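So the sequences go chain by chain: U and L.
Quick note: the first sequence, position 187, residue 187 per our numbering, numbers continuous.
Quick note: the second sequence, position 139, residue 1139 per our numbering, numbers continuous.
These notes are about the structure you will find just below.
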Amino acid sequence: MTVAATTAASAARVFVPRDSAACSVGADEVADALRAELARRGQSVQIVRNGSRGAFWLEPLVEVATPAGRIAYGPVAAGDVPGLVDAGLTTGGEHPLRLGPTDAIPYFARQERLTFARMGVTDPLSLDDYQAHGGWRGLRAALAAASGADVVEEVVRSGLRGRGGAAFPAGIKWRTVAATPARQKYVACNADEGDSGTYSDRMIMEGDPFVLIEGMTIAGLAVGATSGFIYIRSEYPDAERTFAAALAAARAAGCLGRDILGQGRAFDIEIRRGAGAYICGEETAMLESLEGKRGMVRPKPPLPAVAGLFGLPTVINNVITLASVPVILDKGAKHYADYGMGRSRGTLPFQLAGNIKRGGLVEKAFGLTLRELIYDFGGGTASGRPLRAVQVGGPLGPYLPESKLDTPLDYEALSAAGGMVGHGGVVVFDDTVDMARMARYAMEFCAHESCGKCTPCRIGAVRGVEVIDRIRKGKSRGAQGDGQAALLRDLCDTMVGGSLCAMGGMTPLPVLSALDHFPQDFGLGAPSAPSTPGMKSKGT
Amino acid sequence: MTGREGIAVPAAADAAGDAITEAIAAHLGRAGALMPMLHAVQDRLGFIPADAVPRLAAALNLSRAEVYGVVTFYHDFRNAPPGRHVLKVCRAEACQAMGSDELVAHLTGRLGADVGETSTDGAVTLEAVYCLGNCALSPAVMLDGRLHGRVTARRADDLLAQCGAPR
């Protein structure tokens, strides 16, 4: 098939995503059916397994390249394939599943894709594709820079903040690593994307892995590190396989290794696999795990930027942060910083998840509202029932009621409204949700995943489950749970103030927000006065 | 077989011994080698046999307590062989919003096994997982490393049938 396609210059190109989410609803079967159907008809067509465009409700989304641009069809089932080919799929023919030009689909047309510019457009493992779509331009700029410090300052000027959740300015962190003398420094990429409702890191590793390699390499050049590690969670086997293949291809092409792009600079990357511990997404627990130990949180200071992996200065950034660096170096800090609002510069790939009609990845400049995201892009709930609560920022993010949906998505504005941006995951719940049960789950998850190092988290989470169980039991008997609710608030206060890391320190946020906004689910009266504590100090 | 250091490693008679020997040989000398070694053992055997603890400890100059501590810290590492198939069900928030609790109830009923257990015919081990990164297509499960989205009770039954479970 490939040979036929390369010899026949006019062979049509059909795109079927290889992204694991697309495959989870049948993309592999569609690709197989297409291959068989086209072979049966003797048509010479090249099937490209691209990344996902990120509109998962349209997956499997099949595209065909035509002189008028790419035409999309979706969602395609394997059984639709013969009919599609009959309708002239390979030339963009009419069919009930035809969605028109991909770029004109409103879900995509209204996005501002910087980090995800190539996502779904290219074959993730084709270096030619990567190069043809702006690849390595950021790296070339970094190699041409007079010094690593210039690269660091460019990242500082872009305003890029850590996209993993803590939102610390990436350039400032890099500055610290660059300024700390050491025989060896490291770049450690945190690909332990454990927050429910998030999948942007997975998409990068599966759909545009070279951009992450490029970003990590730029970080290495900027701070003087020659060795990189990427810690990929074990729940992402496809991401690990694709990223490993991308590393091998980049090395073979001289984009990684001892002599990057022939410029005499060295950097290489090694993959390490997690083992199902949520806490290893916390940067110091990840370092412990990379060192082959239990994923126990380290007290700070020392900062990992000064004494990180194996005790040496380490840049730790998550996947999206590092994958956003190439476009900053390529197009300049100002281009990136021109997007966004306030102190939240650039774009964020938001991820719509849970009970949502049109779930998927939406990269937009900071500043749009949750309502625009959930209704204009997401189309409301999947069930068609009224929306009741939204959790933004993963399992440590507070639950927001419908009344907070007009808050702009910006680190500071959302924090002021009692929320947090975190890693950009937006999980939607309809009105069938029992918020007391979700509060219990937050504590249960913390008890399950606590590393056990500090008492407020290790024991507090277990006690939290017990207290919520008592409140729920009391509710079923019609008893007033005010005393127990006060106890729960007191416990949360201890966890917020006394925990070593965000796991114990922020688990109270979903719990208290559920209690504040949905007291009736706990069998309590009207919404009570105290708001979620510790928000402003814990946000960054 | 010869280890990295050129020291002859005693040939192990059984598959488990071989897997441990090979895991040590493949990763000895790497920084932080314990996790890659444990993964190599479990990739081959499906679990970490008790024998692995003293052998990895000796190879890495760690105490047995340290190795045991690592094995037991991580949810992935099993101390007993799983069933012929491993079905991981996501129980995190996004999947809960789309009925994963009901899906878990359906699966435990069908398999006659609780989460963390194996069906009595040894066909399927049911495990909980907290996010598979398929949150726009919830509820999600992973069967033998392959991701499935929008898993209704009917689709779950199809997957179980693939594992040889009776309808």
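Heads up, the beta-carbon is just placed ideally off N, CA and C, and yes, glycines get one too.
Predicted model, so just to flag it, every value in this text is computed and none were measured.
Tell me which residues share the same chain as residue i and place their Cβ nearer than 7 Å to its Cβ, disregarding the 5 neighbours each side in the sequence.
{"i": "Ala-239/U", "result": "Arg-202, Met-205, Glu-206, Ile-232"}
{"i": "Gln-351/U", "result": "Gly-197, Thr-198, Tyr-199, Ser-200, Leu-361, Gly-424, Gly-425, Val-426"}
{"i": "Gly-26/U", "result": "Pro-60, Ala-77, Ala-78"}
Starting from the beta carbon of residue i, find every residue of chain B whose beta carbon is closer than 7 Å, and list them in chain order.
{"i": "Cys-23/U", "result": "The displayed structure is made up of protein chains U and L, and chain B is not among them."}
Here's the rule: buried if 16 or more other CB atoms are within 10 angstroms of the residue's CB, otherwise exposed. What is residue i?
{"i": "Pro-456/U", "result": "buried"}
{"i": "Arg-472/U", "result": "buried"}
{"i": "Ser-196/U", "result": "buried"}
{"i": "Arg-1154/L", "result": "exposed"}
{"i": "Thr-198/U", "result": "buried"}
{"i": "Gly-394/U", "result": "buried"}
{"i": "Thr-1125/L", "result": "buried"}
{"i": "Ser-531/U", "result": "Below a pLDDT of 50, predicted positions are generally treated as unreliable, and Ser-531/U, at 48, falls in that range; no measurement from the model is reported."}
{"i": "Pro-304/U", "result": "buried"}
{"i": "Lys-334/U", "result": "exposed"}
{"i": "Gly-505/U", "result": "buried"}
{"i": "Pro-299/U", "result": "exposed"}
{"i": "Thr-407/U", "result": "buried"}
{"i": "Thr-507/U", "result": "buried"}
{"i": "Leu-1094/L", "result": "Here the sequence assigns Ala to residue 1094/L, which means Leu is not the residue at that position. Looking at its Cβ environment, which holds 16 or more other Cβ atoms inside 10 Å, Ala-1094/L is buried."}
{"i": "Arg-272/U", "result": "buried"}
Between residue i and chain L, is there a C-beta pair that is closer than 9 Å?
{"i": "Arg-183/U", "result": "no"}
{"i": "Thr-102/U", "result": "no"}
{"i": "Cys-451/U", "result": "yes"}
{"i": "Ala-541/U", "result": "Within the shown structure, residues of chain U are numbered from 1 to 540, placing residue 541/U beyond reach of any answer."}
{"i": "Thr-549/U", "result": "The first residue shown for chain U is 1 and the last is 540, placing residue 549/U beyond what the model contains."}
{"i": "His-335/U", "result": "no"}
{"i": "Ser-513/U", "result": "no"}
{"i": "Pro-395/U", "result": "yes"}
{"i": "Ala-246/U", "result": "no"}
{"i": "Phe-522/U", "result": "no"}
{"i": "Arg-578/U", "result": "For residue 578/U there is no data in the structure shown, the boundaries of chain U being 1 and 540."}
Counting contacts by CB-CB distance shorter than 9 Å, is residue i in contact with chain U?
{"i": "Glu-1066/L", "result": "yes"}
{"i": "Arg-1150/L", "result": "yes"}
{"i": "Gln-1162/L", "result": "no"}
{"i": "Gly-1116/L", "result": "no"}
{"i": "Glu-1102/L", "result": "no"}
{"i": "Leu-1107/L", "result": "no"}
{"i": "Ala-1153/L", "result": "no"}
{"i": "Leu-1159/L", "result": "no"}
{"i": "Leu-1060/L", "result": "yes"}
{"i": "Ala-1092/L", "result": "yes"}
So, at 6 Å on beta carbons, what are the nonlocal neighbours of residue i in its own chain, with the 5 sequence-adjacent residues on each side left out?
{"i": "His-1148/L", "result": "Val-1141"}
{"i": "Ser-344/U", "result": "Phe-366, Asp-410, Tyr-411"}
{"i": "Arg-385/U", "result": "Asp-430, Asp-431"}
{"i": "Asp-1114/L", "result": "Thr-1108"}
{"i": "Val-156/U", "result": "Gly-171"}
{"i": "Val-327/U", "result": "Leu-114"}
{"i": "Ser-227/U", "result": "Tyr-186"}
{"i": "Ala-277/U", "result": "Gly-295"}
{"i": "Ala-436/U", "result": "Arg-472, Asp-521, Phe-522"}
{"i": "Arg-98/U", "result": "Tyr-73"}
Looking only at its own chain, which residues have a Cβ that is under 8 Å from the Cβ of residue i, when we skip the five neighbours before and after it?
{"i": "Leu-143/U", "result": "Leu-221, Ile-260, Leu-261, Gln-263, Arg-265"}
{"i": "Leu-515/U", "result": "Ala-439, Ala-485, Leu-488, Arg-489, Phe-522, Leu-524, Ser-528"}
{"i": "Asn-620/U", "result": "This structure cannot settle anything about residue 620/U, because the visible part of chain U is limited to 1 through 540."}
{"i": "Val-465/U", "result": "Arg-440, Met-443, Glu-444, Ala-447"}
{"i": "Gly-1112/L", "result": "Ser-1119, Thr-1120"}
- the region 1071-1084 of chain L: positions lying closer than 9 Å to chain U by Cβ: Thr-1072, Phe-1073, Tyr-1074, His-1075, Asp-1076, Phe-1077
- Message: Please list, in chain order, the residues of the region 288-309 of chain U that have any C-beta partner in chain L closer than 7 Å.
- Response: Ser-289, Leu-290, Glu-291, Gly-292, Lys-293, Arg-294, Gly-295
- the region 1023-1049 of chain L: which residues have C-beta closer than 8 Å to a C-beta of chain U, in chain order? Ala-1031, Gly-1032, Ala-1033, Leu-1034, Met-1035, Pro-1036, Leu-1038, His-1039
- What residues in the region 258-279 of chain U have a beta carbon less than 7 Å from any beta carbon of chain L? Arg-272, Arg-273, Ala-275, Gly-276, Ala-277, Tyr-278
- Message: In chain order, what are the residue ranges of uninterrupted beta strand (DSSP E) at least 3 long that sit wholly in the region 145-223 of chain U?
- Response: 186-191
- Message: To test your reading of the DSSP string, which unbroken beta strand (DSSP E) runs of 3 or more residues are found completely within the region 369-438 of chain U?
- Response: 387-392, 399-401, 425-430
- Task: Starting from the N-terminal side, write out each stretch of the beta strand (DSSP E) that is 3 residues or longer and does not extend beyond the region 1131-1161 of chain L.
- Result: 1141-1143, 1146-1148
- Task: Name, going along the chain, the residues of the region 341-354 of chain U whose beta-carbon falls closer than 9 Å to a beta-carbon of chain L.
- Result: Gln-351, Leu-352, Ala-353, Gly-354: these are the residues of the region 341-354 of chain U whose beta carbon lies less than 9 Å from some beta carbon of chain L, given in chain order.
- Along the region 1121-1149 of chain L, what residues have a CB closer than 7 Å to any CB found in chain U? Val-1129, Tyr-1130, Cys-1131, Leu-1132, Gly-1133, Asn-1134, Cys-1135, Ala-1136, Leu-1137, Ser-1138, Ala-1140, Gly-1145, Leu-1147, His-1148, Gly-1149
- Task: Using a Cβ-Cβ cut-off of less than 7 Å, give me the residues of the region 485-510 of chain U that come near chain L, in sequence order.
- Result: none
- Message: As an exercise, report each continuous alpha helix (DSSP H) stretch of at least 4 residues that is fully enclosed by the region 1086-1137 of chain L, in chain order.
- Response: 1093-1096, 1100-1111
- Task: Give, in chain order, every residue of the region 350-379 of chain U whose Cβ lies closer than 9 Å to some Cβ of chain L.
- Result: Gln-351, Leu-352, Ala-353, Gly-354, Asn-355, Ile-356, Arg-358, Gly-359, Gly-360, Leu-361
- Residues of the region 165-197 of chain U with a CB closer than 9 Å to any CB of chain L: list them in chain order, please. Glu-193, Gly-194, Asp-195, Ser-196, Gly-197
- Item | Inside the region 74-143 of chain U only - alpha helix (DSSP H) runs reaching at least 4 residues | DSSP runs (the alpha helix (DSSP H)) wholly in the region 74-143 of chain U: 81-86, 106-109, 127-132.
- Item | Residues in the region 45-70 of chain U having any Cβ partner in chain L nearer than 8 Å | Phe-56, Trp-57, Glu-59
- Kindly provide the ranges of any alpha helix (DSSP H) runs that are 4 or more residues long and lie completely inside the region 308-336 of chain U, ordered along the chain. 319-323, 325-331
- Task: Using a Cβ-Cβ cut-off of less than 7 Å, list which residues of the region 202-230 of chain U approach chain L; keep chain order.
- Result: Arg-202
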